[in-house]
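Data block below; observations after.
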């Protein structure tokens, strides 16, 4: 038979389990080497947010930017802009790759240029 005391204990145990799972998820992201998610957008020369970081000016909509070194990963947290990355310089290449407005991802291949677009 369930009593209010039993239900409270069950709810507390469930809340503790959820908090532990959330903590494990956060720990996994950090263990993978990603820098903490922060507002804005960053392109990294290495996978997992490693290597040299390039800060993206999210207010510069539509302008093509060629990178000095290829990007291998991206991290973006913005509600109004996203980034389209291109494998060739000057925003060229057969298969561009687009982020959302909240992303943390290794890129499928090296990207040499990008353009900021509305989300």
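Residue numbers (the numbering used here): -10 to 108.
For every residue, glycine included, the Cβ atom is placed at its ideal position computed from N, Cα and C.
For clarity, every value in this text was computed on a predicted model and none was experimentally measured.
For residue i, three-class secondary structure by DSSP
i          : result
residue 51 : coil
residue 82 : coil
Run of the beta strand (DSSP E) containing residue i, from where it starts to where it stops
i           : result
residue 106 : 91 to 107
residue 71  : 70 to 75
residue 32  : 29 to 33
residue 43  : 42 to 45
Cβ neighbours of residue i in the same chain (closer than 8 angstroms, five flanking residues each side left out)
i           : result
residue 22  : 37, 38, 39
residue 109 : Outside the shown range of the chain, which is -10 to 108, sits residue 109, and nothing can be said about it.
residue 89  : 65, 71, 108
C-beta contact flag for residue i and residue j at 8 angstroms
i           : j          : result
residue 92  : residue 45 : no
residue 108 : residue 48 : no
residue 26  : residue 43 : no
residue 101 : residue 78 : yes
residue 41  : residue 58 : yes
Anticipated Cβ contact below 8 angstroms, residue i with residue j, distance rounded
i           : j           : result
residue 164 : residue 103 : Nothing can be reported for residue 164: it is not among the residues displayed for the chain, which extend from -10 to 108.
residue 70  : residue 28  : No, residue 70 and residue 28 are not in contact; Cβ-Cβ is about 11 angstroms, not under 8 angstroms.
residue 105 : residue 72  : 6 angstroms
Cβ shell of residue i (< 7 angstroms), same chain only, five flanking positions each side left out
i          : result
residue 96 : 60, 61, 62, 63, 74, 86
Residues of its chain near residue i, where Cβ-Cβ distance is below 6 angstroms and the 5 sequence neighbours each way are ignored
i          : result
residue 35 : 61
beta-carbon residue i near the ligand SAH non-hydrogen atom, thresh 7 angstroms
i          : result
residue 35 : Because no ligand of any kind appears in the structure shown, any question about the ligand SAH cannot be addressed here.
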